[in-house]
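Just add 1 to wherever you are in the sequence shown, counting from 1, and you've got my numbering. Positions of the beta carbon are idealized from the N, C-alpha and C atoms, including for glycine. Working notes, beginning with the structure itself.
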Amino acid sequence: MVERKEYLQQLLSWKDEQVIKVVTGIRRCGKSTLLQQYQNLLRQQGVSDAQIIAINFEDLAYESLLDYAALYRFIKERLQPDRMTYIFLDEIQKVPSFEKAVDSLYVQPNTDLYITGSNAYLLSGDLATFLTGRYVEISMLPLSFREFVEVTGLSAEQAFVEYGKSGSLPYVAAMDRTDEKVDAYLEGIYNTVIVKDIEDRQSRKETDPKKRKVTDIVLLKTIARYLASVIGSPVSIKSVADYLISSGRKVSTNTVSDYMEALIESYVFYPAERFDIVGKQLLKSNRKMYMVDLGLRNHILPRKRYDLGFSIENMVYFELLRRGYRVAVGKNGTAEVDFVAQKQGILTYYQVTADMTAEETFEREMRPLRSIRDNYEKIVLTLDRFTLGNYDGIKVLNVLDWLLGQA
Numbered sequence: 002m003v004e005r006k007e008y009l010q011q012l013l014s015w016k017d018e019q020v021i022k023v024v025t026g027i028r029r030c031g032k033s034t035l036l037q038q039y040q041n042l043l044r045q046q047g048v049s050d051a052q053i054i055a056i057n058f059e060d061l062a063y064e065s066l067l068d069y070a071a072l073y074r075f076i077k078e079r080l081q082p083d084r085m086t087y088i089f090l091d092e093i094q095k096v097p098s099f100e101k102a103v104d105s106l107y108v109q110p111n112t113d114l115y116i117t118g119s120n121a122y123l124l125s126g127d128l129a130t131f132l133t134g135r136y137v138e139i140s141m142l143p144l145s146f147r148e149f150v151e152v153t154g155l156s157a158e159q160a161f162v163e164y165g166k167s168g169s170l171p172y173v174a175a176m177d178r179t180d181e182k183v184d185a186y187l188e189g190i191y192n193t194v195i196v197k198d199i200e201d202r203q204s205r206k207e208t209d210p211k212k213r214k215v216t217d218i219v220l221l222k223t224i225a226r227y228l229a230s231v232i233g234s235p236v237s238i239k240s241v242a243d244y245l246i247s248s249g250r251k252v253s254t255n256t257v258s259d260y261m262e263a264l265i266e267s268y269v270f271y272p273a274e275r276f277d278i279v280g281k282q283l284l285k286s287n288r289k290m291y292m293v294d295l296g297l298r299n300h301i302l303p304r305k306r307y308d309l310g311f312s313i314e315n316m317v318y319f320e321l322l323r324r325g326y327r328v329a330v331g332k333n334g335t336a337e338v339d340f341v342a343q344k345q346g347i348l349t350y351y352q353v354t355a356d357m358t359a360e361e362t363f364e365r366e367m368r369p370l371r372s373i374r375d376n377y378e379k380i381v382l383t384l385d386r387f388t389l390g391n392y393d394g395i396k397v398l399n400v401l402d403w404l405l406g407q408a
């Protein structure tokens, strides 16, 4: 098992606190493994097996507990008097009305509750209403580049090639990789996310008349392929609808909106809103979309010339999320900055490029940062090592060093 040290530390920091710990992320990013590792840590700290109740709802052994009332009774009978009971409910969204059981368990004395889910709709409906102010979300992503290097034992340069080609899902990193095996594994993951997780999402929308059902899987996959192909470019609901219409599909903007929402809620794509650097506020149009795993992206796109720059941009976006930043796309007049990363009110501006050695490219990447009039840190990340340095306060760093935490 790949030890996810940062996420384990997050869980440990919330241990015994009276909040529900909700671990979210795309299927197979390591949520179940994380819970197992955390349970092992608890045992090392002296917690007995009787104090740990762990249920994975993808296991048929627990099919009888898919009824929320039965689930509550099962756990209630096993709570430890006068000792903390640690409750782990994995893929809880499979239990209709699960929030009723979760809410009732939360109010029991000496309970520490952990749940996971593979769909963001988990936190957008009744659970959020039931538990406002009583839960903390831990957003889990596939392996960072540093973790990938540790797992594979490859050099940074070799790992970068594999990371960009095969992706960052933990099992892919740990397997004996061949193109055929990776492709077969990613095919299974992709179809499961697109079909099974969307079905889970649908079951929770049955009572919401404002939401249309996602029933056309071919259309959903077509939209996913298009979004994957425009990583790093501004995209809107209208631009996606226009593309589909030009390809011969009759589709409304409302349908496109619902299908894009389904892909975001299943953690396949993450949106980056535009940020007005001068006005210091988010804008409502033409956000960018980034795909959670480059292996999945390569799997669903037709084989073509590799767009290295956008792949690096995708890596940087998710690394910033891992480091706890809120990430937007910067707009400064007519100039665009790849990322505005914000943490605790402090901004950092990032440009990302594969190579800065050509004078024209150097000037193109530096110009938007030079035009910013505030004094927040400005950084360019590049693969080349020839242009590294400090240019009037603008740092140029090697992206591999930065991903490894060495720059």
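Within its chain, find whatever has a CB closer than 6 angstroms to the CB of residue i; leave out the 5 residues flanking it on each side and keep chain order.
i, result
"V381", "Q352, E366 and V397"
"L321", "V328 and A342"
"S145", "R323"
"F340", "V328 and Y351"
"R79", "I54"
"Y115", "K22 and F89"
"T143", "First, the amino acid is wrong: residue 143 is Pro here, not Thr. Answer for P143: C30, S169, L170 and D294, listed in chain order."
Use the C-beta contact count for residue i: other C-beta atoms within 10 angstroms, 16 or more gives buried, fewer gives exposed.
i, result
"L67", "exposed"
"F387", "exposed"
"A62", "exposed"
"P369", "buried"
"T254", "exposed"
"E148", "buried"
"S65", "exposed"
"V108", "exposed"
"Y377", "exposed"
"I246", "exposed"
"I218", "exposed"
"Q345", "exposed"
Suppose you measure from the CA of residue i to the CA of residue j; what does that come to, to the nearest Å?
i, j, result
"V103", "D402", "43 angstroms"
"I232", "E360", "25 angstroms"
"K16", "I54", "15 angstroms"
"G134", "Q19", "10 angstroms"
"T208", "D50", "In this predicted model, T208 has a pLDDT of only 49, less than 50, meaning its place in the structure is not dependable; the value taken from the coordinates is given anyway. When rounded, the distance between both Cα atoms is 39 angstroms."
"M85", "A121", "29 angstroms"
"S372", "K379", "11 angstroms"
"L155", "A175", "12 angstroms"
"V330", "F276", "6 angstroms"
"L283", "L13", "34 angstroms"
"K101", "I265", "26 angstroms"
"V152", "P171", "9 angstroms"
"A160", "L309", "15 angstroms"
"P235", "I395", "25 angstroms"
"M261", "E138", "22 angstroms"
"S286", "S240", "11 angstroms"
"V279", "T362", "25 angstroms"
"T117", "T223", "28 angstroms"
"S230", "L36", "34 angstroms"
"T358", "V338", "19 angstroms"
"L187", "D177", "14 angstroms"
"Y136", "T130", "11 angstroms"
Among the candidates the options, whose CA atom is the shortest distance from the CA of residue i?
i, options, result
"T193", "Q407, R28 and L404", "R28"
"K332", "Y318, H300 and R288", "R288"
"P272", "A263, I54, I278 and G280", "A263"
"K77", "N111, A242, L13 and F270", "N111"
"G390", "D375, L221 and A408", "A408"
"L326", "I347, T335 and E337", "Note that residue 326 is Tyr in the sequence shown here, rather than Leu. The option with the nearest alpha carbon to Y326 is I347."
"H300", "E7, Y191 and Q10", "Y191"
"E274", "L245, K251 and Y318", "Y318"
"E7", "S140, F99, P82 and E100", "S140"
"L220", "T256, L309 and R304", "T256"
"A336", "R304, Q345 and R374", "R374"
"Q52", "P82, D339 and S169", "P82"
"E4", "Y186, T223, N41 and Q109", "N41"
"Y39", "L9, V173, Y392 and I56", "L9"
"Y227", "Y392, D60, F58 and P303", "P303"
"A70", "M290, P97, L123 and F58", "P97"
"V48", "Y291, G249 and D113", "D113"
"M290", "S248, R250 and I238", "I238"
"L43", "Y87, F99 and K344", "Y87"
Within a Cβ cutoff of 8 angstroms, which residues of the same chain sit near residue i, ignoring the five residues on either side of it in sequence?
i, result
"S119", "T25, G26, I27, R28, K32, E92, Q94, V194, D198, D201, S267 and Y268"
"V1", "This structure cannot speak to residue 1, because the chain is shown only from 2 to 408."
"A225", "I195, L264, V269, F270 and I301"
"V252", "L220, A242, L245 and I246"
Short of 7 angstroms in beta carbon distance, which residues of its chain neighbour residue i, apart from the five on each side in sequence? Order them along the chain.
i, result
"Q45", "none"
"S105", "Y73"
"A157", "V150, L401 and L405"
"T349", "A342, Y377, E378 and I380"
Shorter than 8 angstroms, the distance from the beta carbon of residue i to the closest heavy atom of the ligand ZN, or not?
i, result
"I139", "Questions concerning the ligand ZN fall outside what the structure shown contains, since it holds no ligand whatsoever."
Taking 8 angstroms as the cut-off, does the segment 308-323 touch the segment 175-185 (at least 3 CB pairs, one atom from each stretch)?
no
Quick test of the definition: if touching needs 3 or more C-beta pairs under 8 angstroms, does the segment 157-166 touch the segment 286-303?
yes
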